[in-house]
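Undergrad: Numbering (the working numbering), first residue to last: 1 to 418.
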């Protein structure tokens, strides 16, 4: 989305991405999109690094070799092509620490898109430390402390980021346009009379599933008249290591797939239909740097219930274009659900007000102006006192004994599975 906006405004934009479906034999590809974006798909370089590093780590859901391979492959490409393409600035995702790999002598200035890092979210999800999570945190912290600047999309996230770094943190509008969102082909006029609410997000603790289930358990609305549909992938409940879907099913058997129905592996077309037909959207998040679902809901003209600790809540005003509640408050959530359930008129009013407000705040020109102003500032104030990323922190993991150990471990696991 950001690349499309910048390109449309006349700025040359290069997007570096990886192709997980490719093999280590396929050459990297370069495609010039119709809007002028140069799209680089890293295939061979990424998979060669990934295949190399994953031999030295236990398979795990954080997948440190994946993030290392992305960083290394992108570093190689930038080193080989930055002069040819006259790259002025690099913007990288904060998650996974890939920005660390771009702190290289003679590289352009680096700015992070601080849309949430692992070390921020682990506080809520209670992730147990492993050598892979510790490595990812090292990479993320190095990036946070040594890049040339960080972009935040909410005041809450900006304040949180500033605890961990002394580099400048800038507030900018998030890049969003319905034309660039596969879900939103057109805006829809009013809230539906259908009696279901929609939650969109993976099943993880920070998304607030326990608060939602507790709230629904205290509502005396017949199942045939109202339900909640939760759309999103499964995840782990970190304290026990179980799948969150199993935890919720065991804890709330009277609600699971009855009053609260879980939909996973939903494609964009089906998700768009869920949006279109929902009465309202619930965002019961405990803490999040932002939440794009709140923006998507607004462009569908759907009212939202959102917690005050959801980063994007600052874009809304309570009872004007949303219902804002405190996180973890099951009674407030139950009251808000009941309020919208009982008033189609209020749903319509809030949904239209949200659309009018958010579409104005996220006008393309404003989004581009924010970014260009920040980029200009960073380029102007770049110093030559660069603290370069030292790849030797990876050497302790790359030993023959680790390679043999994890190969044997995987071999035994494969035999057991048979």
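Glycine is no exception: its CB is placed at the ideal position from the N, C-alpha and C atoms.
So for residue 197, helix, strand or coil by DSSP?
TA: strand
Undergrad: Tell me where the alpha helix (DSSP H) around residue 67 begins and ends.
TA: 64-85
Undergrad: Which residue spans inside the segment 354-410 form an unbroken alpha helix (DSSP H) run of at least 4?
TA: Those alpha helix (DSSP H) runs which fall completely within the segment 354-410 and span 4+ residues are 364-380.
Undergrad: Output the boundary residues of the beta strand (DSSP E) element that contains residue 122.
TA: Per DSSP, residue 122 belongs to no beta strand (DSSP E); it is in the alpha helix (DSSP H), 118-125.
Undergrad: Which ranges does the beta strand (DSSP E) cover as unbroken runs of at least 3 residues, wholly within the segment 284-329, from first to last along the chain?
TA: For the segment 284-329, whole beta strand (DSSP E) runs of length 3 or above, ordered along the chain, are 304-307, 323-325.
Undergrad: Could you tell me if residue 123 is buried or exposed, where buried requires 16 or more neighbouring beta carbons within 10 angstroms of its beta carbon?
TA: Burial call: exposed.
Undergrad: Could you say if the segment 133-150 and the segment 325-335 meet the contact criterion of at least three C-beta pairs nearer than 8 Å?
TA: No, the segment 133-150 is not in contact with the segment 325-335.
Undergrad: Buried or exposed for residue 419, please, with buried defined as at least 16 other CB atoms from any protein chain shown within 10 angstroms of its CB.
TA: Any property of residue 419 remains undetermined from this structure, which presents the chain solely from 1 to 418.
Undergrad: Return helix, strand or coil for residue 415, following the three-state DSSP convention.
TA: helix
Undergrad: Is it buried or exposed for residue 419, if we count other Cβ within 10 angstroms and need 16 for buried?
TA: Summary: the structure shown does not reach residue 419, with the chain confined to residues 1 through 418, and so no result is reported for it.
Undergrad: Name the two residues that bound the continuous alpha helix (DSSP H) containing residue 140.
TA: 131-146
Undergrad: What do you get for residue 100, buried or exposed, if any count of 16 or more other CB atoms within 10 angstroms of its CB means buried?
TA: buried
Undergrad: Can you tell me the Cα-Cα spacing of residue 397 and residue 58, whole angstroms?
TA: Cα-Cα distance, rounded: 11 Å.
Undergrad: Using beta-carbon positions only, say whether residue 94 and residue 117 come within less than 7 Å of one another.
TA: yes
Undergrad: Output the distance between the C-alpha atoms of residue 257 and residue 340, rounded to the nearest integer angstrom.
TA: Straight through space, the alpha carbons of residue 340 and residue 257 are spaced by roughly 22 Å.
Undergrad: List the whole-angstrom C-beta distance separating residue 168 from residue 314, where the pair is believed to meet the contact cut-off of C-beta under 8 Å.
TA: Wrong, their Cβ atoms sit about 20 Å apart, outside the cutoff.
Undergrad: Using a Cβ-Cβ cut-off of 6 Å (strictly less than) and excluding sequence neighbours within five positions of residue 402, which residues of its own chain qualify?
TA: 56
Undergrad: Could you check how far apart the C-beta atoms of residue 228 and residue 260 are, in whole angstroms? I think they sit under 8 Å.
TA: 5 Å
Undergrad: Mind checking residue 269: buried by the 16 CB within 10 Å criterion, or exposed?
TA: exposed
Undergrad: Give every residue of the same chain whose Cβ lies closer than 7 Å to the Cβ of residue 69, excluding the five residues on either side of it in the sequence, and list them in chain order.
TA: 46, 49, 50, 53
Undergrad: Use the C-beta contact count for residue 387: other C-beta atoms within 10 angstroms, 16 or more gives buried, fewer gives exposed.
TA: exposed
Undergrad: In angstroms with no decimal places, state the Cα-to-Cα distance between residue 208 and residue 291.
TA: 13 Å
Undergrad: Rounded to the nearest angstrom, what separates residue 204 and residue 400 at their Cα positions?
TA: 36 Å
Undergrad: Thinking C-alpha only, which one of 255, 349, 164 is nearest residue 119?
TA: 164
Undergrad: Would you tell me roughly how many angstroms separate the C-alpha atoms of residue 128 and residue 174, rounded to the nearest one?
TA: When the Cα atoms are used, residue 128 and residue 174 turn out to be separated by approximately 31 Å.
Undergrad: Does the segment 75-94 come close enough to the segment 103-117 that 3 or more CB-CB pairs lie under 8 Å?
TA: Yes: at least three Cβ pairs fall under 8 Å.
Undergrad: Judging by CA-CA distance, which residue of 35, 34, 39 is the nearest neighbour of residue 28?
TA: 39
Undergrad: Report yes or no: do three or more beta-carbon pairs, one from the segment 343-357 and one from the segment 287-304, lie closer than 8 Å?
TA: yes
Undergrad: Starting from residue 231, trace the beta strand (DSSP E) both ways and give me its first and last residue.
TA: Taken as a continuous stretch (DSSP letters only), the beta strand (DSSP E) holding residue 231 covers 227-231.
Undergrad: Going by the CB atoms, is the gap between residue 280 and residue 347 shorter than 7 Å?
TA: yes
Undergrad: Taking the alpha carbon of residue 7 as the reference point, which residue from 82, 278, 36 has its own alpha carbon closest?
TA: 36
Undergrad: Where does residue 225 land, buried or exposed, given buried means 16+ other C-beta within 10 angstroms?
TA: exposed
Undergrad: DSSP state of residue 208, grouped into three classes?
TA: coil
Undergrad: With 16 other CB atoms within 10 Å as the buried threshold, where does residue 20 fall?
TA: exposed
Undergrad: Output needed for residue 415: all residues of its chain with C-beta closer than 6 Å, excluding positions within five of it in sequence on either side, in chain order.
TA: none
Undergrad: Could you spell out where the alpha helix (DSSP H) holding residue 45 opens and where it closes?
TA: 44-53
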